[in-house]
Amino acid sequence: MLCGPCRLLRASVAPTAALAAALLSSLARCSLQEPKDQVASALSPYFGTKTRYEDVNPGLLSDPEAPQRDPELLEGSCTPVQLVALIRHGTRYPTAKQIRKLRQLHGLLQARGPGDDRPGNASDRGLGAALADWPLWYADWMDGQLVEKGRQDMRQLALRLASLFPALFSRENYSRLRLITSSKHRCVDSGAAFLRGLWEHYHPGLSPPDVSDMECGPPSINDKLMRFFDHCKKFLTEVERNATALYHVEAFKTGPEMQNILKKVAAVLQVPVNNLNADLIQVAFFTCSFDLAIRGVKSPWCDIFDIDDAKVLEYLNDLKQYWKRGYGYTINSRSSCTLFQDIFQHLDKAVEEKQRSQPVSSPIVLQFGHAETLLPLLSLMGYFKDKEPLTAYNYEEQIHRKFRSGHIVPYASNLIFVLYHCENAKTPQEEFQVQILLNEKVLPLAHSQETVSLYEDLKNHYKDILQSCQTSEECELPKKN
């Protein structure tokens, strides 16, 4: 864990609690070995926000540390002078809430009577019996913490980015690196793992020191940037805590597509259909993804579903993300404008420093957040917007939708702004140019589909957002008479 936040935590908790936290962190690091082999599943493309990064970038399966240079990246006389990266944390454990639901489902399977098992030997007993015997190894203390695979995600991402942009990730720039993180442990630990990956890049073969002993300064915890949604009263009241806000999600749960899966799963597991609901079906599906991502195991939970089921369950997950974090209730995406402003403030400062022939003070800015951080920002920028909104009633029409959360924000997903200084520019406007990368691939600009933009043109396109961002007003609740 990063040293700066650790000091803050130790100062605010009792010694016993601090010791317990340290023990849990140690357990989280040591309880699981890294998967030796990549295990694939036909369901992998449909896990939504629980998708592994390598399932979005399959080229990493053969060599996860080798950079895959997009041919659209600028080179030649244009030199990268700043990189601002917004990075989702690496692979994590399920949350305590998800674990409790899994325990509930596991209890239903174990409570089945002897007559519920199929006759024959153990291999013929049926999937329900096999799952009842399958070890339920998830515990409440795990509660969304980063796993060893998540540290590996971050370390490997650091190695790839350092190789892809060697001028930026130079040894000289390491001390000028700026790191900002959400207060959640999985984000703080992701930042620490990323720094250890950079250390490995600079000192191959040497064990990294404690993060507090590295040359770059301690991280800055900033939830108002990285968890802006927690600081928007209007979003919390009208969406997060409003039982009717996710109408389309609840309607889809009781719609024909989900009801067909309910009946099928009840028959396969040999439990009464009335004992199941859409939430339990979804947690079974996600348990397949967690076992695959964390342990590299294709567990029997995966055998409950086929690809058609997976597409329906992915749509259910995407509906929730669309209405909470995307284009449904736009208050969340609008409240991300402060983060958008912050990114452009870094870029503006770098441009000004270069124009004064000064070294860029922060050539690398790394911000560690969540899927809930990236999705609203991408929506604010106009990406992955479908012609028709996602609803409970147009599943078939949205089969080929753009808004597929697992393909946009898997574990370790990253949105990167690269600022270039072009020496041989014909005009002052052409001197500074920008490219945007999503998951290490050049992202065509939402307004032009070009792969590169003059910096001033990009600022002008988003001028209204950058100049009119007033989150305090946007997030203020309407006054009651």
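Just so we're aligned: the sequence shown equals residues -33 to -1, 1 to 448 in mature numbering (1 follows the signal peptide of the UniProt record, and there is no 0). Virtual Cβ for every residue (Gly too), placed ideally from N, Cα, C.
Query, Result
"Bridge partners for Tyr387 per DSSP, in chain order?", "Pro47 and Gln400"
"Check the C-beta distance from Gln49 over to Leu314 and give it rounded, since I have them as a contact under 8 Å.", "7 Å"
"Using only the alpha-carbon positions, how far apart do Gly117 and Ala379 sit?", "8 Å"
"Helix, strand or coil: how does DSSP classify Ala52 here?", "strand"
"Contact defined as beta carbons within less than 8 Å: I believe Leu357 pairs with Ser300. What is the distance between those atoms, to the nearest angstrom?", "About 15 Å; that fails the 8 Å criterion."
"Could you please give me the residues that DSSP links to Gln334 through a beta bridge?", "Leu53 and Ile147"
"Which of the three DSSP states, helix, strand or coil, is assigned to Val238?", "coil"
"Is Gly164 closer than 9 Å to Arg122 when the C-beta atoms are compared?", "yes"
"Buried or exposed, going by whether 16 or more other CB atoms sit within 10 Å of the CB of Thr148?", "buried"
"Smallest Cα separation from Val318: which of Asp22, His388, Leu433 and Lys426?", "His388"
"Kindly provide the ranges of any alpha helix (DSSP H) runs that are 4 or more residues long and lie completely inside the segment 192 to 277, ordered along the chain.", "214 to 220, 223 to 236 and 245 to 257"
"Evaluate Gln312 with the Cβ neighbour count: other Cβ atoms within 10 Å of its Cβ, from every protein chain shown; 16 or more gives buried, anything less gives exposed.", "exposed"
"Once the 5 residues before and after Val409 are set aside, which same chain residues still bring their CB inside 7 Å of it?", "Asp37, Glu39, Leu40, Gln402 and Thr418"
"With Arg143 and Ser328 assumed to form a contact (beta carbons below 8 Å), what rounded beta-carbon distance in angstroms separates them?", "6 Å"
"Among all the DSSP beta bridges, which residues are the ones paired with Val409?", "Leu404"
"Where DSSP assigns a beta bridge to Arg59, which residues make up the other side?", "Leu113"
"Going straight from the alpha carbon of Pro330 to that of Thr46, what length do you get?", "12 Å"
"If contact is defined by three or more beta carbon pairs under 8 Å, each pair taking one atom from either stretch, is the segment 262 to 274 in contact with the segment 335 to 349?", "no"
"Using the beta-carbon count (16 or more within 10 Å), is Gln437 buried or exposed?", "exposed"
"Just to confirm, are Cys442 and Lys191 a CB contact at a threshold of 9 Å?", "no"
"Since Leu286 contacts Gly158 with CB under 8 Å, what's their CB separation in whole angstroms?", "Contact doesn't hold; Cβ gap of about 31 Å is too wide."
"Between the alpha carbons of Val279 and Lys354, how many angstroms are there, rounded?", "20 Å"
"On the CB-based measure, 16 or more other CB atoms within 10 Å of its CB, does Glu398 come out buried or exposed?", "buried"
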